[in-house]
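Worksheet: the structure to be examined is printed underneath.
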Amino acid sequence: MHLPTDTAIGLNLLHANQDGADHNRAHFDRWGITCFNVMSSPGAGKTALLEKTLAALTPDLNIAVIEGDMTTELDADRLRQYGVPVIAINTGRACHLDARMVAGGIHTLERHHNPQALDLVLVENVGNLVCPAEFEVGEHAKIALLSITEGEDKPLKYPVMFREADVLLITKTDLAPYLDVDVAQIEANVRQINPQVTVIPVSAKTGAGLTTWFDWVKVHTGTSGRVPAMPQG
Ligand SMILES: Nc1nc2c(ncn2[C@@H]2O[C@H](COP(=O)(O)OP(=O)(O)O)[C@@H](O)[C@H]2O)c(=O)[nH]1
Ligand SMILES: [Mg+2]
Numbered sequence: 003m004h005l006p007t008d009t010a011i012g013l014n015l016l017h018a019n020q021d022g023a024d025h026n027r028a029h030f031d032r033w034g035i036t037c038f039n040v041m042s043s044p045g046a047g048k049t050a051l052l053e054k055t056l057a058a059l060t061p062d063l064n065i066a067v068i069e070g071d072m073t074t075e076l077d078a079d080r081l082r083q084y085g086v087p088v089i090a091i092n093t094g095r096a097c098h099l100d101a102r103m104v105a106g107g108i109h110t111l112e113r114h115h116n117p118q119a120l121d122l123v124l125v126e127n128v129g130n131l132v133c134p135a136e137f138e139v140g141e142h143a144k145i146a147l148l149s150i151t152e153g154e155d156k157p158l159k160y161p162v163m164f165r166e167a168d169v170l171l172i173t174k175t176d177l178a179p180y181l182d183v184d185v186a187q188i189e190a191n192v193r194q195i196n197p198q199v200t201v202i203p204v205s206a207k208t209g210a211g212l213t214t215w216f217d218w219v220k221v222h223t224g225t226s227g228r229v230p231a232m233p234q235g
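Those letters in the sequence shown? Residues 3 to 235, by the working numbering.
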């Protein structure tokens, strides 16, 4: 098959990244760490969700965060207040974390902490609804967030993110009374792309739905390999 050069280069990049991601996952597996890759457009509520998750789960789980942002350590500093190791990665002009960058984060983690004492590494990816979904970083599950302020059509317009996701958190549900948005339609559009995905509507502000998310994290931490879809009830 003949591929245009740019496509061939793109495929090579993705293959090289996949090798790096497999290598990162092997490190995680050796240390008994589960890793989730948390992705969304900017402002959907990734850091707010991680703040609530750290507050709720650090009594039971040893958690570290790899925090990806193009510039600044603003989010990393927010999360450091929870007393967990937070490795900040600035990607510069890159719109996503890739496996090589996360490998750097893993080695920093290894230098300053005992990785074998960790249960869970949460990666907050760069805010972007397209690129992060294409670059695996060694995670065991992909967690996508879509806030209800983004509109019902986004799963249809940005299908890669939603096809790849193991879990979709529909965020900021507390804002529903103020918006013309049909949350059930968001879920229906996601299911059209990915019938297996676990959908959890949440509000980091009111706490609605967060217990379901915490339970999902607890059940899937320590499980090796890809996360199987949970039955919907
Ligand atoms: N109303 C409401 N606002 C939220 C919620 N979660 C996050 N936000 C706000 O949305 C903005 C972006 O949140 P942030 O966690 O920084 O998003 P990130 O860019 O995806 O990490 C901030 O002003 C948050 O206070 C929520 O559940 N409800
Ligand atoms: Mg953030």
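Every residue gets a Cβ at the ideal spot worked out from N, C-alpha and C, and that includes glycine.
Cβ neighbours of residue 207 within its own chain (closer than 7 Å, five residues either side excluded): 176. Placement of the Cβ of residue 48 at a distance of less than 7 Å from at least one heavy atom of ligand 2 is found. Ranked by Cα distance from residue 65, the options 120, 196, 217, 193 are led by 120.
Runs of alpha helix (DSSP H) with 4 or more residues, each lying fully within the region 134-181, are found at 156-159, 161-166, listed in chain order.
If you check the CB distance, residue 42 and residue 158 do not come in under 8 Å. Only exposed fits residue 181, as fewer than 16 other CB atoms lie within 10 angstroms of its CB. Distances between the C-beta of residue 79 and the heavy atoms of ligand 1 are all 7 Å or more. At least one heavy atom of ligand 1 lies closer than 7 Å to the C-beta of residue 207. Membership of residue 189 in any beta strand (DSSP E) is not indicated; the residue belongs instead to the alpha helix (DSSP H) covering 185-195. About 4 Å separates the CB atoms of residue 56 and residue 84; that is less than 8 Å, so the two are in contact. At least one heavy atom of ligand 1 is found less than 7 Å from the C-beta of residue 129. Note that the region 127-136 does not touch the region 30-37; fewer than 3 beta-carbon pairs, one per stretch, sit closer than 8 Å. Cβ contact annotation for residue 23 (same chain, cutoff 6 Å, sequence separation greater than five): 101, 138, 139, 140, in chain order. The beta carbon of residue 78 sits closer than 6 Å to those of 69, 88, 90, all from its chain and outside the five residues before and after it, given in chain order.
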